[in-house]
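Let me begin by presenting the structure, written as structure tokens, before commenting on it.
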Amino acid sequence: MTKTMHSYDAAIARELFSAAEIGAAIERLAAAIARDHRRRPLTLVGVLKGALYVAADLSRAISRLPDGPSEIYVDYICVSSYGNAARSSGEVRLLKDLSDPVGGRNVVIVEDIIDNGLTLEYLRALLGERNPARLRACVLFDKPYHRLVEVPVEYVGLVAPDEFVVGYGLDYQELFRNLPYLAQLRPEDFTDG
Ligand code: PRP
Numbered sequence: 004m005t006k007t008m009h010s011y012d013a014a015i016a017r018e019l020f021s022a023a024e025i026g027a028a029i030e031r032l033a034a035a036i037a038r039d040h041r042r043r044p045l046t047l048v049g050v051l052k053g054a055l056y057v058a059a060d061l062s063r064a065i066s067r068l069p070d071g072p073s074e075i076y077v078d079y080i081c082v083s084s085y086g087n088a089a090r091s092s093g094e095v096r097l098l099k100d101l102s103d104p105v106g107g108r109n110v111v112i113v114e115d116i117i118d119n120g121l122t123l124e125y126l127r128a129l130l131g132e133r134n135p136a137r138l139r140a141c142v143l144f145d146k147p148y149h150r151l152v153e154v155p156v157e158y159v160g161l162v163a164p165d166e167f168v169v170g171y172g173l174d175y176q177e178l179f180r181n182l183p184y185l186a187q188l189r190p191e192d193f194t195d196g
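Residue numbering for the sequence shown follows my numbering, beginning at 4 and increasing consecutively.
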């Protein structure tokens, strides 16, 4: 059954970060990453599906900066821990691995959001075993309220409130990823039209 425009719109409670605020955060992250990888090759690993937009925008923002990395490689890995559930099952599944080896590379994992931390912990362990020269993590939205594990995040964009959030890559039942802003969702108001 398709969702009507009405139910889709009604499920958005409020905008939390505008597209312009997200863009400014990405510029700040890009500047920090470029500074730390000046004149060195950099491999960005976007974590699908959520990091589709942040990895694309971040990679282009870094490349616009003068005196940044000597080369920028972009690869994607696909993992899932939530399925269609609102909260994590605690089990991270690898759905698609990287296309290329990261041994000897300066790698930055690019995530849309960190919540309980299990996904990033899994990825740091998985990629760490492949002997990168350096392994760091960049997260656009940090929800620091429900960590189950402490995992290092070298680059943090914005702190999101403790709400169910969608947009800019984040979904509710695979919808809303394409919103250009971050919004708070009211799932109880999201009904089949
Ligand atoms: C989301 C998000 C992160 C992860 C963070 O992915 O994109 O990868 O959850 O949550 P955590 O810190 O609690 O582990 P999800 O599993 O929903 O898949 P998706 O990116 O395909 O939406």
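Glycine included, every Cβ here is placed at the ideal spot set by N, Cα and C.
Given this structure, state the Cα-to-Cα distance separating residue i from residue j, to the nearest angstrom.
i	j	result
residue 196	residue 170	At residue 196, the pLDDT of 42 sits below 50, so the modelled position is not reliable and the matter cannot be decided from this model.
residue 103	residue 78	8 Å
residue 124	residue 59	23 Å
residue 76	residue 149	32 Å
residue 95	residue 122	6 Å
residue 39	residue 48	16 Å
residue 131	residue 138	7 Å
residue 22	residue 65	18 Å
residue 70	residue 177	38 Å
residue 24	residue 101	30 Å
residue 164	residue 173	14 Å
residue 127	residue 109	13 Å
Output the boundary residues of the alpha helix (DSSP H) element that contains residue i.
i	result
residue 113	Not the alpha helix (DSSP H): residue 113 falls in the beta strand (DSSP E), residues 109-117.
residue 124	121-131
residue 39	22-39
residue 54	Note, residue 54: premise wrong, no alpha helix (DSSP H); not H, not E.
Within a Cβ cutoff of 6 Å, which residues of the same chain sit near residue i, ignoring the five residues on either side of it in sequence?
i	result
residue 17	187
residue 97	82
residue 11	none
What are the boundary residues of the beta strand (DSSP E) that includes residue i?
i	result
residue 160	158-162
residue 138	137-145
residue 188	185-188
residue 3	Not covered by the structure: residue 3. The range shown for the chain is 4 to 196.
residue 180	First-last for residue 180: undefined, no H or E at that position.
residue 97	96-99
Please return the same chain residues whose Cβ sits closer than 7 Å to the Cβ of residue i, not counting the five positions on each side in sequence.
i	result
residue 182	169, 170 and 171
residue 20	161, 184 and 185
residue 113	47, 48, 49, 50, 54, 57, 58, 61 and 141
residue 189	14 and 16
residue 105	46, 130, 133 and 135
residue 154	120, 123, 124 and 127
Give every residue of the same chain whose Cβ lies closer than 8 Å to the Cβ of residue i, excluding the five residues on either side of it in the sequence, and list them in chain order.
i	result
residue 1	Because the chain here runs from 4 to 196, residue 1 falls outside it and cannot be looked at.
residue 34	68
residue 29	57, 60, 61, 64, 143 and 160
residue 156	117, 123, 140, 141, 142 and 145
Cβ atoms of residue j and residue i: under 8 Å apart, would you say?
i	j	result
residue 31	residue 72	no
residue 180	residue 99	no
residue 36	residue 158	yes
residue 45	residue 111	yes
Any 3 or more C-beta pairs closer than 8 Å across the stretch 144-152 and the stretch 107-119:
The stretch 144-152 and the stretch 107-119 touch, with no fewer than 3 CB-CB distances between them shorter than 8 Å.
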